[in-house]
Structure formats: C-alpha cells, structure tokens
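Data first, discussion second: the structure below is written as structure tokens.
There are 4 protein chains.
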Amino acid sequence: MSHNTFGHLFRVTTWGESHGPAIGCVVDGCPPLIPLSEADLQPWLDRRKPGGSRFVTQRRESDTARILSGVFDDGDGPVTTGAPIAIQIDNEDARSKDYGDIARAFRPGHADYTYQAKYGVRDHRGGGRSSARETALRVAAGVVARKVLGETVRIRAGVVQLGSHRIAPEAVDFDAVYDNPLFAASADVVPAWEAYLDGVRKAGSSIGAVVALEATGVPAGWGAPVYGKLDAELAAAMMSINAVKGVEIGAGFGAAELAGEANADAMRLGEDGRPVFLTNHAGGVLGGISTGQPLTARVAFKPTSSILTPGQTITRDGIETEVSTRGRHDPCVALRGVPVVEAMAACVLADAMLRHRAQVG
Amino acid sequence: MSHNTFGHLFRVTTWGESHGPAIGCVVDGCPPLIPLSEADLQPWLDRRKPGGSRFVTQRRESDTARILSGVFDDGDGPVTTGAPIAIQIDNEDARSKDYGDIARAFRPGHADYTYQAKYGVRDHRGGGRSSARETALRVAAGVVARKVLGETVRIRAGVVQLGSHRIAPEAVDFDAVYDNPLFAASADVVPAWEAYLDGVRKAGSSIGAVVALEATGVPAGWGAPVYGKLDAELAAAMMSINAVKGVEIGAGFGAAELAGEANADAMRLGEDGRPVFLTNHAGGVLGGISTGQPLTARVAFKPTSSILTPGQTITRDGIETEVSTRGRHDPCVALRGVPVVEAMAACVLADAMLRHRAQVG
Amino acid sequence: MSHNTFGHLFRVTTWGESHGPAIGCVVDGCPPLIPLSEADLQPWLDRRKPGGSRFVTQRRESDTARILSGVFDDGDGPVTTGAPIAIQIDNEDARSKDYGDIARAFRPGHADYTYQAKYGVRDHRGGGRSSARETALRVAAGVVARKVLGETVRIRAGVVQLGSHRIAPEAVDFDAVYDNPLFAASADVVPAWEAYLDGVRKAGSSIGAVVALEATGVPAGWGAPVYGKLDAELAAAMMSINAVKGVEIGAGFGAAELAGEANADAMRLGEDGRPVFLTNHAGGVLGGISTGQPLTARVAFKPTSSILTPGQTITRDGIETEVSTRGRHDPCVALRGVPVVEAMAACVLADAMLRHRAQVG
Amino acid sequence: MSHNTFGHLFRVTTWGESHGPAIGCVVDGCPPLIPLSEADLQPWLDRRKPGGSRFVTQRRESDTARILSGVFDDGDGPVTTGAPIAIQIDNEDARSKDYGDIARAFRPGHADYTYQAKYGVRDHRGGGRSSARETALRVAAGVVARKVLGETVRIRAGVVQLGSHRIAPEAVDFDAVYDNPLFAASADVVPAWEAYLDGVRKAGSSIGAVVALEATGVPAGWGAPVYGKLDAELAAAMMSINAVKGVEIGAGFGAAELAGEANADAMRLGEDGRPVFLTNHAGGVLGGISTGQPLTARVAFKPTSSILTPGQTITRDGIETEVSTRGRHDPCVALRGVPVVEAMAACVLADAMLRHRAQVG
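Residue numbers (full-length UniProt numbering), protein chains in the order written: chain A, 1 to 361; chain B, 1 to 361; chain C, 1 to 361; chain D, 1 to 361.
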C-alpha cells in the first residue's frame, strides 16, 4: 500500500492513465513454476471490461492483456519463473475529445479537484490516473493471485444491494453472479433490477450498490497481529477500489447492535474431530487471523459520479460553472466492481499465504 | 502495516502482552524539535485506561508511560530529536490466576483459537498479544502524531450508537465526549444510555457500538493514488483496532442507496475565493486524496467477547467444554475505543502529512 | 530493495528479461511538475547501450525508451504528474539461438545455477532476468532521479582502475569519462588502456575494473540513522549492480590502515562562515548522514564471466561439461557500468532527499 | 532498512541513546516455537560488551539483556510465540559529565555535526543515538537470528587486518577469534598485535582494521533478484555498522584485477553427485542468490574517532576550537565489531531464509 503498490510479498504495482497509450502492472514475488498464460487472464478481464451490456460504459476496449515478462516456456507450457510479471493492456478507445470541456472544470464526486490540489497538475483525459480503468490491472493481478492460492481457496462476490433493493442474506447465490448482466447474487432479482437500472440509465443518473464477498477454503492461521491483521489488509484493499465508501467484515455494522451472547461464535468438534464454529459473525477472522470459516465481507460503492444532470462546480482558475458528463459511463459502477472485489481479495489472500508460510513454514 | 508496525514514514511498532512485565512502542520517523514529555502522554492515556468508571474493566492500571529515548532536553525542555521514541508502560495488575482456567479452552469471540492455530503456541494470560491492552500504546503514539500535525488539525471521536440506541447525526456533539463516562457524542443520551449499559453490565453481558470520527483542518492534497489512498489507510488503521468489524467513510454504506445527483458534493467559491463544497458525502476524500473538508468516518465495534454467560467451545486438546469470563471486562469495548480511534486517525494523518511533504514539498 | 524494487519514496521497480519482448520500469513517488520527456532519457541510455565501441558487446539495440505514463503535457511541454512513470524499451536484437547450447549448462560465474537452484526454472535466453540488460532501466530511472535532485547535485563516475592499471587519485578527471570509449577518468591513460583491452578482447578474455563515484552539491543532513544510513543505502545500490563485488566509501579499505589522527577530517570555518572540512576521508558521510562534502565511493567490478575459453561446469541434469561464450559480450563489464553507477547514486540521493524532506521539512 | 529498522520479514527495530535510561530492540516476524531465553543472549552480548580487556573501552556495563515480550513458557521452557520480541538493556554507567565539554563542539570523525545539521538538535551525551552502544542490540537480535537459522548455518568472523598488519588468507582460523582479546582470526599474530595495539592505546591513538566474515551451511537459493540481492542486503547490513567504510564479497576489490578465466568458479559434480565449485571467488553468491558455497565477505572499519590528540573543529555556534576525547574509548573499534558483523550477517540470512520460504516454499 505504498502509493501505487499493493501487498507485502505478493506485490502488485500498477501504472497508466485512462487515455494514455497503455496501462500495466508488475506482479512481483510470485512463486515460480505456476502455469500462467495470457489465455488465463482474458476470461476474468472480459468480466470487467466495458461494453459487455447496456448497464456498463460503452467505451470500446478489447482489454487484451499481454504478459511481457516473468513467464517462460521450457517445453511444457509457460510457467512463472519467480521474476516480476509485467502485464500490459493497450488503450484503444481513448476519445480524449469527449473530455475536452472538462479539462478545466472539476467534476463533482471525481478526483479532479484533489489531484489538482495535491500535484498542481492532472491528466484530465478520462480521469487520468484516477479512472476506474486502472481496476482492469487489479483483475489481471487477481488471476495470478488465484493461481498462487490454488484450487482450494474459492473467492466469489456479487451485488447484493442495488440502491435500496436488497437480496436477503439467505437468498444470496454467488453462482448466479456471472450469469446476469447486473452481477446480482440472485437470479430472482434480475428482472426487477434490470427494469430499475434501465430507468436510472435512461435518466442519465446513477445509483450506489453493495457487493458481498465470500472466500472459502482459507485455512485457519492466515493473517497476523496487530497491524497486519487479515481484515485490516482486506479493508484497505477494498477501500482502495474506486468509489468504495465502506467495508464490513462478518456481522459488520450489524455487530454494533448485538449482545455478546449473540455475537460470539460457539465452537464444537466436527464429525472429523476438527474444530467447527456454529455461526460466523466473525466473518472468518478473529484477532486478525483466519479461523478456517468462510471469509465474508460487504463493500459499499457510491453511485457513479458521472451523470447527465449538470452539477455545480468550479474551474481550476477559480470560476464557478456547471459540468455534466456527456461521455460514456456506468449507471452503477459497483457492477463492474464485482470482479475487482474478487481480485483484491485474491491478492490479499495470496499475500497472506506467502507471509504465513514465511513465518510459520 | 507489517505485522506489528503501522505507518510508512511515521511508523509505530508495538510490543508486549497483557500479562507480561510491560508493553511498549517505538515511534520512528518523527520530525525533530517537537516538544514532547511524559506529561503530554498521560492525559490521553488516562482517557483510555481501565478503572475510570463502572462501565469499563476494573483492572487497576495506572498506565504510567515512560519515554526512554528520542527526546532530549538541551535546556529549553524536552524535544524530539528525530531518533526513535520508545514509550513503555509497566503492567501492574496482571492477575494471571484469573485466567488460569482458560489456559486451554478457546474463549469464543477471542483470538485464542486463531493464535494457537497459527503459531502452535499462545500466551493465554489475559489474551496475551491480542489483548486490547495493546491499544494504550496506540493512544501514546497518537499523542506524538497529534504533535506532528500541530494545532490546525483537530481529531475527535465519540460513541454515536450503543447497541440499537442512536444519536441523530444532527445531534452529534463531539465536545460532550470526554465529559461523560460513556464517551457518548451527546450529553442528552447519557442518562438513558447509562441505565441501559448498567443493565448490560449487571447481566454480565456486553453490547456493540459505533464510534464516529471527525478530523477537521486537514488541507486538500493529503493521501495518494491508488493503493495508498487516505481512506484505504484509514480503513486499515480502524480495522486493526481490536473488536472493529466495519469502517465507512463519509456517506459510507448509505451511499449505496444514493443516486449520483444526491451523492456528488457540489463545489462553489467561498467568500474568501477558495473552493468550498456544499455537502460532504465524500467524507473529505476524493480519489484517495483529502478535499479540505472534514474527514468523517464511522467505525463499528462488536460487543466484548468476554461475558458471564458460559459459551460453548473446545480446548486445544480437542475436548468440548464451556467457558465464561469471570475476570474483569468492559461491557462495551467501544467506549475505551474512542481515544484509540482518534489516535489511529492521528497516526494515519501524520503519516500522510509526511508522505505528502516528501513528494510534493 | 524488495526483490525487484529499489528505494523507499523514490521507488524504482524493473521487469523484463534479456530476450523477452521488452524490458521496463515503473518509477513511483516522483514529485510532480518536473519537465520530463523521452528526449531526456536517450542521451543517458546511449552512454550505456551496446554497440557503441569495440570494447562493448556488439548486440544491436537502439535502446529507445518510451514513457507510457506519469507525464502530461498541458500545453507547456510534458511534466511529471506525481503518478507512476512507466518506461519501456523493446528488445530488438534478441538472438536466442546464440544461447541455445547453454540452455542446460550453467555458465561459470553467471547466475544460471543459482536461479535454477532457487526457482526450479530459469529463462536461460541471454541470462534472462539476470542479464545486465536490466541496467538500462536503472539508467533511465537515474535520469528521472537527476531531475528530482536538480542542477545543484552533480553525480559523476568513471573507471579508475582497469585490471591492475590504476589512475592515481590526484589524476582523476571525471570530465574525461564520456569522451573516451573506456569511460576512463583520465584522458592520459586511454591509449595504453585501449591497447591493453584490445588484447583482452582479442583473446576472448575479460578483465575486472574499479569505478569511482563522486557526488557534489549534496547538502549536509541527508540520510538517516541507523539502518537507513546514506552509505548503507549506497552500498546496497552499488552491490545490486551486476558483477559488483565491493563497495567502499571515502577512504574505504584504506581507512583500515589509518590512525585516528590521520583519518578524522578536521573542521574549520570557511570564508563565508560556513563549516568546511579540511579533508574528506569520510567520503561525505558521518554517522550515515551527509556532511556537505562530496560523496565519494569506489565500486569493484569482477571481469565479465562470458569468455571464449571453455570453462568446466555441469548441466541442470547433473552432467559434467564445458561451456564457452560464443555470443557477443563485453571484455570489461565495468565500462558500461559507469552510467549505471551514476544512475544508482542518483536514485539513492533522490530517495534520500525526499525522505529528508519528509522528516525534517 | 527504514531508518531504525532492519530487515523485511525478520525485522529488527532498535531505539535508545548512549546515555539515556536504556536501549532496546524489537524483533518482529520471528517464527514461533523457537526456544529462547535471556540466558541465550548473554554469552554473545558478553563478547561485545565493554570492559572485557584493556583493548576496549573501560565503560562499565553489565549489558544485561531482559526479554520483555514475545516468549512464553507453557511448561517446557520459554519459546518464541510469533509476537514481537522486545529486548532491553539498561544503561548503567552513563557518565554524562565526561562529555560535558563536547556538548557544543563537533568531534571530528563523529556524527555530531551531521546529526546537528540534519535535525537541529542532538543528544550529545556519549554520541547519543550514533553511539556504538546501539550495536549491543544488533548482537542480541543476531542471537535470535541464529536460532531461526538453526545449527546448519554457521556464521563466524574475526579481525584479519589490524592497521597494516595482515593475516594471510590461508592462515585465517576463525576458531581462534574468541580466544584472544583482539578477536584476531589467528592465534599466531596475537602477541605481536597486542604489543602493537598497546602502543596505539597508550598513545591515546586508534587504528582501523578489517574483519573477515564466513557463513557456511547456507543452501543454494537464498537471496533474490535484482535489488533484493543477498550480497546487496549484506553490504547494507555491514555498512550500517558504526565505523564501517567498505564491504567486499568473495574476491571483492581483488576481482577487479582478475581475468575472466581466473575469476569464474568452475563447477563439477561432487562424490555425492551434487554440484561443487572448485573455487569461491564469488564468495558464495551469484546473481544475488547463494550458491551453497561459504558466504565470504570482508568489512573495513575506520579507526576510532575518539582520540587523545586534540583535533580542529567548530562549535555549533560557529566558533573554531579544538576537541579531544578524555572519556573512555576503544583503540580499535573493529575488535568489538566482530560479534556485530556476525550478528548482522545472521539477521540478513534469517531474513533471506524467511523470504525464500515465502516465495518458493
């Protein structure tokens, strides 16, 4: 978490602006001998890429990822070598002229003002460095992280709340997520949600959402006291995603209303003689270390700030004005956030796995 | 956030167990020539220390902090020298026998099981390293951080929700916090909350709570893209506090229900010609960089896991048993969490200040 | 210094193999508003690039660097934006077949064996990740570092010893370095050294050398106790360069033979009333912090391991064999190491400058 | 190597000044279940502690180390728990008055001036933070590191050059080191060296020295490309020791005079079918990764700067003066540097071991 780098041992550094020639990442610290090719990356990138449905931005990007280093094929197919893995995606549809009129005005809800305030300069084209386009690289890195984790750890996420429309906890079905264009964690809500989001979209508006995350197969013992807590790392990872405004683990904010008797997860011995928890209010983490239960979290996304309705703002020269987004945008940025949430969880867990292995063997 | 160290440039490393001889921290990277003495630390430590009211644990600790290095008095009073500042607090009331019967059983909701699973050994006495006693050092480090930040930045927190009892946002008054034993951010709720928490306490139960945080005076420009986001650092800092299960910035989870028009904070020019935001749904952060508005966050604490009611659990030898806490405990751990939330915010901001100064000057 | 990343605040991450499609680096933490274009990089890269004379490898690489992110031209020419700067160089002349016969044999003196031992796989083509080709990126990053440092700090290096041929300390003239193909720090030695190195080259042999470094204009106060010492950072930077086997600061190993009276640099007041040192055995560093005197160091390079004479070795399948280098190589790898030494010094100093500014302002 | 912290996974943070109440360190990242007690520390500390012979400072310090955290005795003796290990040594003989007259004058060769220049304040008492007293903590941390490494890795060092008196490479005998008060790596030189150093001591002068280091039992594969090279880490570790001015690995500066044929270490198969090197010019490292051969290095120490002869200097108020050391001092600081060199090597190797285990398993 050092500016543009994430992770301690499984380290991801990203670079690139929305409308520059390309974006890329370097994944360092990856174990060797893991089969990895560009074909592994593409299906995951496709889930996040623009243009996939009417509910996401119509920017045309194939999001084709190339691996430029760190893998080698010595006859049995490409494997990681332990050297840094450079992944690169060219920007193809960078219509800078779309953004010409906002070169000077700060779009409300965007990072335009803060980048200018911090650096005294900003690449305004499409949001530059602050564009959600950067998250494609998180997805790519997440694929590598999943490979590091292996088959046992399964990471899934999905939209469980769209605006004020909620999926009941007992109805959450992560298997449904990639079968509907809303990334909804229930097939049942899709028709109603589609109608609702169509309305939002046609009005040139946007809406927030909540994404739920679940990682199963995480063994007990990953994470570390007291500042390297697994949930602290996860919270940072999620909050680093564009538009995220809240993170909760397990019972989360709901735990604030619980009595101690209701919140503590009782332990018994399972049929195989191994410890089992009867509930999972902890969300799979106690004292910053995984319990062996599913790791569960919920992530709140604000609505896309790019909307049709003109918003009051100022220019960098200190003139009051109004600005609206005429370019392409997502009516609900959380949708494409689903694979990003999964990817960041994968990176956190791969890092935790390596760190655990380092200290405990 | 490397195991037991927090921060990048303003770095805090803590050590010590609940029932060891002492606990301590090392604050490295502190700017020189800042007046600092033990007398500066004590008032803040006293706010967190046990035994202050019937609503917190009755463990008797004076929590007297000694500064063992990094300050020097050359005639004008002690100032920081730029060298690491070691702060130490002796453990005085470590009644290990209170915990003798839980040496083998894993207390539900505590980190007993996960520490054992990770390390194969744990200092069970009073929770050892996972005890909330460690947070005294965060408070001490937070005092140093406040000194680094100076008078302009003001950091305040308070309990705004106790169980299901809420203080309305418009009624939040941080000035009230340290004038009542509940650290409640409103004097009005205190009688009712006291009655309620007395009931919880007498029943040997516990309850969760939400702590609100506000930092004013933070200039626009602190923080960094994209993994070093100010809100990502803040989320990690808060989630690293014992018992915290959720963090939200600005509108937080509420933003998930907002339309883009409602969420985006419009900008105008103030009377002094400087940018002003008409609302603050962003909570003072856009794109991971501070806007100059108040930094606002809310932190959810789970109920204390130590309760009188016996809970089902197992021993490390794999035997099913029940365990209850007969030792001293806090009926609502969030109360003493208030100064800890403030301290962690101070550490995050001091670190952000130094990092900003490094890159931008 | 985390695997493939160098620096704390001015951070350089490199990636790429000798015979992959490209090599690249990401420079993160660079201050904004620094003019920077590809034209700035090229002259320095040209100094290191192959094919420049008969004394360096004849591999044909234009070493044309492209900047893919982190700079923006808002009308007054491209400047850094504070975002990560991605620099990329395509590999053009990657004759993998030259190396076909050494795919299995470990070349003595190279990292072939150790990479295989560590990772169980290696990109053997041209040395893969361990190739000195990576140092082109150090030179590119060094250009950015020089820009951060500004005009006041001047960093120069040159060959002062070639095999057993030495330039006397009082004859060292860094102005001569880039005017002769040997990067010798004296024009006087060039004819004799050329004749000597021609002999080495024609014999298919190689020879070691020592490069001297001097940085002037470094103000007193950069660096930090006690593990972040400026000379410790510099030593790590130099030792991380391919083929380097020794580093000394100031009087270096010579200081081992000095008495305290001879070694300590006396201080007086200069004409301007500022402190001056009468000698500089310290090499510009005391206690890990710069004194304001020139920073001086010497760096020992071993001879190129690629030589024509067959050397005894084994294959990765455990068979004894002999291997010689028929590909292109440098008779003295230290020559092209000169701009690399300068670049690493620039990176160390830029990092130290930002770190100092962070802590002290 | 972040200011006062050393290491990546096996992390040592030290604090404390020469004449403060105590000095201490925190060792974080240590694997659990390693037997460790205060009795383990003392023999190593005793080797470095002052007052052991007439050749080292007569300051009276028992250097008794207490372990305040991170170990727990659950019945089978104290073992590490994976939590941070705090080690503390009280300062007993801090005669501040000895240094009263140098409170304002900068001692030549010391860090007085640079600390003042950097921080604008310095704890002048006995050198404050820059005192070699800090190295006691390195020795303590080194004991923990040795425990992490286990019995297989053996780390030894000794003085091989005292002023211009050298021990021939073939005569180096590390077994002799702790049997003579000069830490000389040969019993044969002791009488002559004692006579020589007595002369230096009686003259109130000092002399430099070279310490050789050897670590056997390091398996092939530790270390990492390209900035995390094992030798780069080792160089930084050594250069961070007080008074060190040079580091060389294997043939070191001598490699600059070698031809490629002479320098490259040929490989053959040993009797057990495993790779063996016929020579070790590389010093056990190729491409930054260990070869499995002994790791060898040489470290140059400058003479103690504290000498009886008055040296020209200035005061912090800008007045020219002279200063001499009337306090206790070491005629050759390298002597007590021997256990420090060993300890730093142990820390580097323990860190490398954990990092290797993390990435490769």
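Positions of the beta carbon are idealized from the N, C-alpha and C atoms, including for glycine.
Within 10 Å of its beta-carbon, does ASP188 (chain D) have 16 or more other beta-carbons around it, so buried, or fewer, so exposed?
Under a 10 Å Cβ-count criterion, ASP188 (chain D) is classified as exposed, with fewer than 16 other Cβ atoms of the shown protein chains found around its own Cβ.
Measure how close the beta-carbons of GLU322 (chain B) and THR313 (chain B) come, nearest whole angstrom, since I'm counting them as under 8 Å.
7 Å
Reducing DSSP to helix, strand and coil, say where LEU295 (chain B) ends up.
strand
Tell me which residue opens and which closes the alpha helix (DSSP H) that CYS347 (chain C) is part of.
333-360
Step through the CB atoms of chain D and report whether any lies within less than 7 Å of the CB of ARG146 (chain A).
It does not; no Cβ of chain D falls within 7 Å.
Just to confirm the assignment, what range does the alpha helix (DSSP H) spanning PRO191 (chain C) have?
190-202
Tell me the residue span of the alpha helix (DSSP H) that contains PRO78 (chain B).
Careful: PRO78 (chain B) lies outside any alpha helix (DSSP H), inside the beta strand (DSSP E) at 78-80.
Check whether the stretch 68-85 of chain B and the stretch 108-125 of chain D touch, using three or more Cβ-Cβ pairs below 8 Å as the test.
yes
Against THR309 (chain C), what residues of chain D qualify as contacts under a CB-to-CB distance less than 7 Å, listed in chain order?
GLU261
By alpha-carbon positions, which one of A:SER62, A:ALA117, A:LYS302, A:GLU61 ends up nearest to VAL276 (chain B)?
A:ALA117
Counting pairs of beta carbons, one from the stretch 202-211 of chain D and one from the stretch 157-169 of chain D, are three or more of them closer than 8 Å?
yes
Do MET239 (chain A) and ALA232 (chain B) have their C-beta atoms within less than 7 Å of each other?
yes
Taking 7 Å as the cut-off, decide whether the C-beta atoms of VAL143 (chain C) and ASP265 (chain C) are in contact.
no
I'd like to confirm the pairing. Which residues does DSSP put opposite VAL27 (chain A) in its beta bridges?
Bridge partners of VAL27 (chain A): A:VAL12, A:ILE85.
Comparing the C-beta of TYR119 (chain D) with each C-beta of chain B, is any distance below 7 Å?
yes
Between which residues of its own chain and SER306 (chain D) is the CB-CB distance below 6 Å, once the five residues before and five after are set aside?
Cβ-Cβ distances below 6 Å link SER306 (chain D) to THR325, HIS329 in the same chain, with the five nearest sequence neighbours on each side left out; the list follows chain order.
Can you check whether the C-beta of HIS329 (chain A) is within less than 7 Å of a C-beta belonging to chain B?
Not an interface residue.
Against chain F, does PRO225 (chain B) count as a neighbour if the rule is that its beta carbon must be under 7 Å from one of theirs?
The structure shown contains no chain F; its protein chains are A, B, C and D.
So, does the stretch 30-47 of chain D touch the stretch 72-92 of chain D, judging by three or more C-beta pairs under 8 Å?
yes
Nearest by alpha-carbon distance to ALA105 (chain B): which of B:ALA346, B:GLU320, B:PRO331, B:PRO339 is it?
B:GLU320
Along chain A, in chain order, which residues have C-beta atoms closer than 7 Å to that of GLY20 (chain C)?
Going along chain A in sequence order, the residues near GLY20 (chain C) (Cβ under 7 Å) are LEU68, SER69.
Which residue's Cα is closest to the Cα of ARG166 (chain D): D:ALA141, D:ARG298, D:SER205?
D:ARG298
What number of angstroms, rounded off, separates the C-alpha of GLY150 (chain A) from the C-alpha of ARG355 (chain A)?
16 Å
Are ILE67 (chain A) and CYS25 (chain A) touching if we call contact CB-CB under 7 Å?
Inclusion of ILE67 (chain A) and CYS25 (chain A) in the CB contact set at 7 Å is not warranted, their separation being larger than that value.
Output the boundary residues of the beta strand (DSSP E) element that contains PRO275 (chain C).
275-277
Please classify ALA215 (chain A): does DSSP put it in a helix, a strand, or coil?
strand
In angstroms with no decimal places, state the Cα-to-Cα distance between TRP44 (chain A) and ALA171 (chain A).
Answer to the nearest angstrom: the Cα atoms are 25 Å apart.
Look at the Cβ atom of GLY228 (chain D), then the Cβ atom of SER131 (chain C), and state whether they are nearer than 7 Å.
no
Give the range of the beta strand (DSSP E) segment to which LEU234 (chain A) is assigned.
Premise fails: LEU234 (chain A) lies in the alpha helix (DSSP H), 230-239, not in any beta strand (DSSP E).
Tell me whether ASP198 (chain B) is buried or exposed, calling it buried when 16 or more other Cβ atoms sit within 10 Å of its Cβ.
exposed
Any idea what DSSP makes of residue 365 (chain B), helix, strand or coil?
One cannot answer for residue 365 (chain B) here, as it falls past the ends of chain B, which runs 1 to 361.
Spatial neighbours of GLY20 (chain C) within its chain, please: CB distance less than 6 Å, with the 5 preceding and 5 following residues excluded, ordered by chain position.
none
Are the CB atoms of VAL153 (chain C) and VAL218 (chain C) within a distance shorter than 7 Å?
yes
Whole angstroms is fine: what's the gap from LYS49 (chain B)'s alpha carbon to LEU308 (chain B)'s?
22 Å
Would you say LYS202 (chain C) reaches chain D, if we count a Cβ-Cβ gap shorter than 7 Å as a contact?
no
Please state the DSSP three-state secondary structure of SER206 (chain A).
coil
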